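Okay, so the sequence shown: first residue is 0 according to numbering that gives the first Met the number 0, each after it adds one.
Virtual Cβ for every residue (Gly too), placed ideally from N, Cα, C.
Please read these numbers as outputs of a predicted model, since none were measured by experiment.
Contents: one structure, followed by commentary.
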Amino acid sequence: MKKKSTSKNLKIKIAISVAIIMILSFFGGYFTHYLIKGRDASTASWIVSVIENNYCVYDEETGKVKEFTAEDYAEALTTLLDKYSTYYTPEEYSDVISTSKGNNYGVGLAFLTTQTDCEIFKVIGNSPADKAGLKKGDVVKRGTYKNVEQSFSDCEKLLEFLGACEEGQSVTLIVDRKGIEKEFTFKKEVFITSYVTYYDSEISGKFHSQGMKKLELVTAPNEDVTGLASDTAYISLVQFEGGAPEQIEKAMALMKERGRTKLIFDLRDNGGGYMTKLSEISSHFVYGDNGKNCAVAIVKDKKEKFDVYNSTKNLFNEQITEIAVLANENTASASECLIGAMLYYGRAFNKENLIIEKNSDGVAKTYGKGIMQTTFLNIYTGEALKLTTAYVFQPDGKTTIHGKGFTPIASNAVEKGTAISRANELLAN
């Protein structure tokens, strides 16, 4: 948790900025003094000093003695840390903070690095691509920029193409959508990320704005989610950060206003986010005895110290009689915490209503990330180090999903793309 929970299938390249952020795990040299104490600090500093002053190896390309940078030392020490721990340069950390608040720049498309084609993995809410009408699952075939058309055989070429596009200039992508070619034109620009989408049998609701203006929930006829009964609402949440709590609150209020009493809550491809956002969002899905706030997750650090993350309010809509939760192999971290809390407190939800899509191996389970990261800022330099600092437990303080994930009952292990249909069946009974 914290943020981005990632599985091997969530190694996402995001075409929302031109820069490619290098993921580093540690930083040697003087920065070591801020992070390590005593003899370890002296040893680390001594090793770096000896290397800098004595190690002689020639760069075969330049023919000159290689000079090591902070990034080189970071790579050398990578094996000390897990894949969730990361070093950020001042510029990278500034970008991380901005993005965590929902501030973004670019076109808003994400692709999996494991793909052989250019299938869109995610369209970021309220991005230029989202407002143009592009959808997850579209396969990008060609693009046109400044009257020059280019075909794409892989994501690398597509990302290079999008990276070269200038802000404010129109770009057109031609995609294959279920065998039909469609054309979409948009511009690279700054935008605020939308995390929540609402549907019922008659309308849809998306959070949109122009530029960096405040997001507003815009409703329109429902064209994308079919089969919903007149008493059912569908709400998706893609991440626990930025304005997600406020957006969930508005979507839940819309559901109540429209008299929907059953909910399909979609957490597929939600890789997690910040525990503080989890606390706020959980207020709509759990509550303790007598309507009190309750523990959502309990974390334990290396010193065996426990901290409790509680729901911040009791905002549960008592009109809701039943909830079905959708998940997949990329449902991780804070998403799994929320599922665990919902199962623990059982407010209109139980394991019989947990629906999980099968992965490519035919296995239906969530990712299984039950550890939390904390980011430490070097106030002198602006650099930051994100480290795994605690294990996360469900409200009982004993159960963890780390390395395990959640699995559904046999009838709720479904094929990709059929989760909503299964939820409709369950809620109809």
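Would you give the residue range spanned by the alpha helix (DSSP H) that K63 belongs to? Neither: K63 is in no alpha helix (DSSP H) and is coded neither H nor E.
What first and last residue would you give for the beta strand (DSSP E) that runs through F110? 108-111
Classify E51 as helix, strand or coil using the three-state DSSP reduction. helix
Cβ pair count under 8 Å reaching 3, the region 149-163 against the region 127-134: no
Using DSSP with H/G/I as helix, E/B as strand and the rest coil, what is M371? strand
N102, enclosing beta strand (DSSP E) - first and last residue: 102-105
Considering only DSSP beta bridges, list what K121 is partnered with. A109
Between which two residues does the beta strand (DSSP E) holding D306 run? 305-309
Which residues DSSP lists as bridging L266, in chain order: The partner list for L266 (beta bridge, DSSP) is empty, contrary to what the question assumes.
Would you list, in sequence order, the uninterrupted beta strand (DSSP E) runs of no fewer than 3 residues that lie entirely inside the region 182-222? 188-191, 195-199, 202-207, 215-220
Assuming V391 and V298 make a contact with CB atoms under 8 Å, what is their CB distance in whole Å? 5 Å
Beta-carbon proximity list for E222, same chain, < 8 Å, skipping 5 on both sides: S203
Roughly how many angstroms lie between the CA atoms of D58 and I46, to the nearest whole one? 21 Å
Give the DSSP-derived three-state secondary structure of Y86 in the structure shown. strand
Between the C-alpha atoms of N358 and K177, what's the straight-line distance to the nearest angstrom? 20 Å
Can you check DSSP and say which residues form a bridge with L325? D265, I354
When the Cα of Q372 is compared with those of G105, K121, K65, L80, which residue comes out closest? L80
Please work out which residues of its chain come closer than 7 Å, Cβ to Cβ, to A427, disregarding the five sequence neighbours upstream and downstream, and give them in chain order. A228
With distances taken from CA atoms, which of E321, K312, G402 is nearest D288? K312
Since V195 and A252 should fall inside the 8 Å C-beta cutoff, what is the C-beta to C-beta distance between them, to a whole number of angstroms? Rounded, the Cβ-Cβ distance is 12 Å, inconsistent with contact.
Beta-carbon separation of G271 and G101 under 8 Å? no
Please classify C164 as buried or exposed, where buried requires at least 16 neighbouring CB atoms within 10 angstroms. buried
Nonlocal neighbours in the same chain, by C-beta distance under 7 Å from R259, ignoring five residues either side: D199, D230, T231, A232
Please report the distance separating the alpha-carbon of Q209 from that of T98. 17 Å
Can you give me the start and stop residues for the alpha helix (DSSP H) that Y343 sits inside? 333-344
Quick check on this structure: which residue in L325, N269, T218 has the alpha carbon closest to the alpha carbon of N411? L325
Pull the bridge partners of D300 from the DSSP assignment, please. A389
Spatial distance of T192 from K304 (CA atoms): 35 Å
Nearest residue (CA-CA) to D395, options M341, A383, F160, L425: M341
In the DSSP assignment, the beta strand (DSSP E) including G287 goes from what residue to what residue? No beta strand (DSSP E) holds G287; DSSP gives it neither H nor E.
Between I35 and the rest of its own chain, which residues show a CB-CB distance below 8 Å, the 5 nearest in sequence each way excluded? Here I35 scores only 37 on pLDDT, less than 50, and its place in the model is too uncertain to base an answer on.
With a cut-off of 8 Å on the beta carbons, I'd call E182 and I173 a contact; round off their distance for me. 5 Å
When you compare each of N352, D175, E148, A296 to K368 by their alpha carbons, which one comes out closest? A296
Looking at the unbroken beta strand (DSSP E) that takes in A409, where does it start and where does it end? Looking at the DSSP string, A409 is not in any beta strand (DSSP E), and its letter there is neither H nor E.
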